[in-house]
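Here is the structure we will look at.
Number of protein chains: 2
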Amino acid sequence: MSVTAAKGFTAAGIAAGIKQSGNPDLALVVNNGPRRAAAGVFTSNRVKAAPVLWSEQVLKGGQVSAVVLNSGGANACTGPKGFQDTHATAEKAADVLGLGAGEVAVCSTGLIGELLPMDKLLPGIETAAAALSEHGGEKAAIAIKTTDTVHKTSVVTCGSPGTESGGGWTLGGMAKGAGMLAPGLATMLVVLTTDADVDSGTLDAALRSATRVTFDRVDSDGCMSTNDTVLLLSSGAAGITPGHEEFTEAVRTVCADLARQLIGDAEGASKDIKVEVINAATEVDAVEVGRCIARNNLLKCAIHGEDPNWGRVLSAIGTTQAAFEPDQLDVAINGVWVCKNGGVGDDRALVDMRYREVHIVADLAAGSATATIWTNDLTADYVHENSAYSS
Amino acid sequence: MSVTAAKGFTAAGIAAGIKQSGNPDLALVVNNGPRRAAAGVFTSNRVKAAPVLWSEQVLKGGQVSAVVLNSGGANACTGPKGFQDTHATAEKAADVLGLGAGEVAVCSTGLIGELLPMDKLLPGIETAAAALSEHGGEKAAIAIKTTDTVHKTSVVTCGSPGTESGGGWTLGGMAKGAGMLAPGLATMLVVLTTDADVDSGTLDAALRSATRVTFDRVDSDGCMSTNDTVLLLSSGAAGITPGHEEFTEAVRTVCADLARQLIGDAEGASKDIKVEVINAATEVDAVEVGRCIARNNLLKCAIHGEDPNWGRVLSAIGTTQAAFEPDQLDVAINGVWVCKNGGVGDDRALVDMRYREVHIVADLAAGSATATIWTNDLTADYVHENSAYSS
């Protein structure tokens, strides 16, 4: 499954010794064609890791034959040496696989500001190449974990597989990310693969359309990564070219599933919070309000304490530039309209917050646009995970 | 001391029964003149509490004879009834003190979204008026505490007190605020008083100049209050009109002292963090970068863990619109330049983080502007304080 669910792809995940723990830390994904089209979206952080700078250039060609991913080090803020290391990584993979380095994308994740142990990483690429398999998707997904407690994969199968006339196609993928999750673009490492026969322009349009309403609307802790990368690779091995809408919908489905898994595994979280903004004047307004609510530390603490503290929702909305009148704001928490017309609404004691998922609706009464942002609560475990050691 | 350090002022702080704990919760500050000039700055949150809406109107007249402050309830998001309650509070104080309600400012702090117990508050005003004293400043400062662990006061004396020719004047004040501290304008309740003879226009200019570089640069938890109010009252009782610069400097000194005390008492904090941005293209850039660093939860956790994780500083800077080149960024933590030219600098093991104050310098290498933002670390205690009960 994972990145090898679609035909035409092999993958591997191994322990190269980059992580001191000895856990898997190097993944390789190879597109065996016949097509090798690709698209990518990257962090909008202006401080970009070396692999992001490299892969952005690779993607300009619209073709990717292999992706090397490592955990155990972000290779961010590592200067010219860090960029040389990324380049050497791509060169090594190209050598071993018989490709040009310009077709090899590189992704890294881990601590910022430290050089990668190239004496471990380069031999690891040989080991990974030898382990490439059509069943290697799970191992690849495991090898890119950092503080993730579980690996994340998703697959959809479309068309009519097995029928003589139709024939199906598949889109699958893997993701990692548990902290430093906030929109910028991707906020995580994600590799998606499909055996549908799709050109790079269509891949790019579908990927941007999907990430805009999925990964871009995940905001775990308001912190934007230097390494976010989402890649979408087409092998064309199914020999089918789906309609644009059908394909985009499949990409969106897999992205939404992976995004939801990322929030479900966010560092220290005990609640998954769905912030739905409705009746906004514009989608931009809805997203701004949703993000402001999702980033409010006081609210995130309150949700952790199962306290339907709608005043903190209103104080967050009040910091935005969105169109609304304070005395027309309504807020529901888990279906109870605890705030009506900017004031006290139904009895907050009616709000049941025992379950992991919490649903906040903010009605701006200013139009008909809507947006949903996913976030999580702020917990002592989050503080512990991000203060007890460098990550 | 506090608001009664300056001549011409009396104050009181009493327990009116607004707080269920029975702790002091009502303060009264009265300007006995001869001048009754005033200026105020208020939260820029668009969701404003009833007392903010009321006091903004009062301040338009440039004259305030009394201030009623209560803790135990913010009277925010309380609709028309909440505004009527604020109005009734001002009317009651005006009746008792023989003033017009239009000269009475009102400040409230506490939980958002609940009506104040007016049956406790109104009789409390009578009790407070009966307790007014030239020595009541400390009690007033104590009565406005919410989650503050200590009350906060500050005083400066200027000119040449006691000399026949010169004669001195005094500026003092009190502040409350421990959570929901972020710039908007004030982010707290503050009342400053002076016996210098200063008109309301000069008070306003001095207050805006001072808050811009003090309270506006405190960012404890990124959450902006609905109730922030800073008032500056002049009694003129010293009969001295200081120069504009001298007066502004005194206001700035007291505001800076109180702002520093607010950060020092921030909810759950174990570290006070001074974020200094230097060599920015503009002051706006410097403030934007400083705030982004100050609001980065991952960095705040790292500082809590005494981890000089400069990568989190760079990832925060990268989210801003400020002018800089990523490969020219330098970062020092407690005097050690751990990041140089956007990459690894001096050995992070040299950074001594044992002490409460942590000093981060971000050099943007883009100009000569500078700004300092004060914040604190993010701790499990902060989470506990803001999740264990409503506040």
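Which chain is which? The protein sequence lines are F and Z, in order. Start counting the first sequence at 162; every next residue gets the next number (the working numbering). Start counting the second sequence at 162; every next residue gets the next number (the working numbering). Backbone N, C-alpha and C fix where the C-beta goes; we use that ideal spot for every residue, glycine too.
Check, Outcome
"Start-to-end residues for the alpha helix (DSSP H) that takes in Thr409(Z)", "His405 to Gly425"
"Below-8 angstroms beta-carbon distance, Trp498(Z) vs any chain F residue", "no"
"Beta-bridge pairing of Asn231(Z) - partner residues as DSSP gives them", "Leu187(Z) and Ser269(Z)"
"Trp215(F) at chain Z interface by Cβ criterion, 8 angstroms", "no"
"8 angstroms Cβ cutoff, Ser386(F) in contact with chain Z", "yes"
"Nearest-angstrom beta carbon gap, Gly334(F) and Ser361(F) [assumed within contact, 8 angstroms]", "With a Cβ gap of about 17 angstroms, Ser361(F) and Gly334(F) do not count as contacting."
"Glu518(F), buried or exposed, once every other Cβ within 10 Å from all chains shown has been counted against 16", "exposed"
"Residues sharing a beta bridge with Leu459(Z), DSSP", "Looking at the DSSP assignment, Leu459(Z) forms no beta bridge with any residue, so it has no partner."
"Residue environment, Pro344(Z), which counts as buried when at least 16 other CB atoms sit within 10 Å", "Residue confidence is low: Pro344(Z) scores 44 on pLDDT, short of 50, so the model does not pin down where it sits. No coordinate-derived value is stated."
"Beta carbon proximity, Thr348(F) to chain Z, threshold 8 angstroms", "Note that Thr348(F) has pLDDT 49, beneath the 50 cutoff, so the model's placement of it is unreliable and the number below is only indicative. Answer no: the Cβ-Cβ gap between Thr348(F) and chain Z never drops below 8 angstroms."
"CB contact check: Ser548(Z) to chain F, cutoff 8 angstroms", "yes"
"Near-chain Z residues of the stretch 519-543 of chain F (beta-carbon distance less than 9 angstroms), N- to C-terminal order", "Asp538, Leu539, Thr540, Ala541, Asp542 and Tyr543"
"Candidates Thr239(F), Asn231(F), Glu264(F) and His296(F), of which the one nearest Leu283(F) by Cα", "Asn231(F)"
"Whole-angstrom distance between Asn388(Z) and Gly634(F), CA atom to CA atom", "Because chain F is modelled from 162 through 552, residue 634(F) falls outside the range shown and cannot be assessed."
"Test item: CB-CB of Asn192(F) and Ser216(F) under 8 angstroms", "no"
"Secondary structure of Leu392(F), DSSP reduced to three states", "strand"
"Simplified DSSP assignment, three categories, for Met279(F)", "helix"
"Residues bridged to Gly333(Z) [DSSP beta-bridge criterion]", "Val316(Z) and Thr354(Z)"
"Where Asp488(F) falls, given that 16 or more other Cβ within 10 Å makes a residue buried", "exposed"
"Beta-carbon neighbours of Val267(Z), restricted to chain F and to distances below 9 angstroms", "The contacting residues do not exist; Val267(Z) stays about 18 angstroms from chain F at best."
"Ala262(Z) vs Thr239(Z) beta-carbon contact at 8 angstroms", "no"
"Through-space distance from Gly223(Z) to Ala398(Z), alpha-carbon basis", "17 angstroms"
"Among Thr531(F), Ser476(F), Gly271(F) and His465(F), nearest to Lys180(F) - alpha-carbon criterion", "Gly271(F)"
"Any C-beta of chain Z under 8 angstroms from that of Pro344(F)", "Unreliable positioning characterises Pro344(F) in this predicted model, as indicated by a pLDDT of 44, which lies under 50. A coordinate reading is not provided."
"For Gly174(F), the residue or residues it bridges with in DSSP", "Ala188(F)"
"Proximal residues to Val544(Z) (C-beta, below 8 angstroms), its chain only, five neighbours per side dropped", "Gly429"
"Own chain residues within Cβ distance below 8 angstroms of Leu353(Z), not counting five before or after", "Val164, Leu332, Gly333, Gly334, Leu368, Val391, Leu392, Leu393, Leu394, Val412, Val415 and Cys416"
"Under the three-state DSSP convention, the category Ala482(Z) falls into", "Before going further, note that residue 482(Z) is Gln rather than Ala in the sequence given. Three-state result, Gln482(Z): coil."
"Contact under 8 angstroms by Cβ, Ala420(F) with Phe376(F)", "yes"
"Proximity test, Cβ basis, 8 angstroms: Val374(Z) and chain F", "no"
"Contact set between His545(Z) and chain F, taken where Cβ atoms lie within less than 9 angstroms", "Cys462, Gly466 and Ala541"
"Close Cβ partners of Ile521(F) (< 6 angstroms) along its chain, the five nearest in sequence each way excluded", "Val436 and Ile494"
"Residue ranges of each alpha helix (DSSP H) within the stretch 460-540 of chain F, 4 or longer", "471-478"
"Tyr543(F) - DSSP class collapsed to helix/strand/coil", "helix"
"Residues in the stretch 192-209 of chain F having any Cβ partner in chain Z nearer than 9 angstroms", "Thr204, Ser205, Asn206, Arg207, Val208 and Lys209"
"For Ser163(Z), three-class secondary structure by DSSP", "helix"
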